[in-house]
């Protein structure tokens, strides 16, 4: 059985590393490349809290995992085959901070229910918060394309705008 680390429950996302924030955000964000509901491990993998006694052993084994785990021992590749960047981590810093704060809220609920390391657990409360993990800006994640889209739409509209009197 392969083990990976998951960041323990905290109150403020700014108190943990970017990698730990990304682990939380990607777990609770939809995949942009498939229908996956959030970064999750293979069925035979086991999550270990990063503040547990077993964390050092998991971290030592992470070096042999290739790209499946990060250098910090967090899950980097989802069971769906896509990475953390496809699960909400590829966004601007402001949007990432918003998502990280939401992910911390979701994790606090999971922790209170004894389910922080259970990637199969679902509840109505968690579901509602996960809905807020969607980008606040519909063009978020498009990068430079968001500057081109308005020009493209304007040109498309101007090409299709046929004067009725001609």
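Residue numbers (this note's numbering): 189 to 354. We put the beta carbon where it would ideally sit given N, CA and C, even for glycine. Remember, predicted model here, so these are calculated numbers, not experimental data.
**Q.** Coarse secondary structure for residue 329, derived from DSSP in three states
**A.** Residue placement at residue 329 is flagged as unreliable, the pLDDT there being 49, under the threshold of 50; a coordinate-derived value is accordingly withheld.
Q: Spatial neighbours of residue 320 within its chain, please: CB distance less than 6 Å, with the 5 preceding and 5 following residues excluded, ordered by chain position.
A: 290
Q.
I'd like the list of long-range same chain contacts for residue 272, defined as Cβ closer than 7 Å, with 5 residues on each side in sequence excluded.
A. 210, 214, 227 and 264
Q. Among 257, 285 and 224, which residue has its Cα nearest to the Cα of residue 203?
A. 285
Q: Tell whether a beta-carbon distance below 7 Å holds between residue 293 and residue 317.
A: yes
Q: Give me whichever residues DSSP pairs with residue 235 in a beta bridge.
A: 192
Q: Can you have a look at residue 195 and say buried or exposed, based on whether 16 or more other CB atoms are within 10 angstroms of its CB?
A: buried
(Q) Cutting at 6 Å between CB atoms, please list the residues of its own chain near residue 233, excluding the five before and the five after it. (A) 190
Q: Measure from the alpha carbon of residue 220 to the alpha carbon of each residue in 301, 260 and 274, then state which is nearest.
A: 274
Q: Quick one: give me the first and last residue of the alpha helix (DSSP H) that residue 320 is part of.
A: First-last for residue 320: undefined, no H or E at that position.
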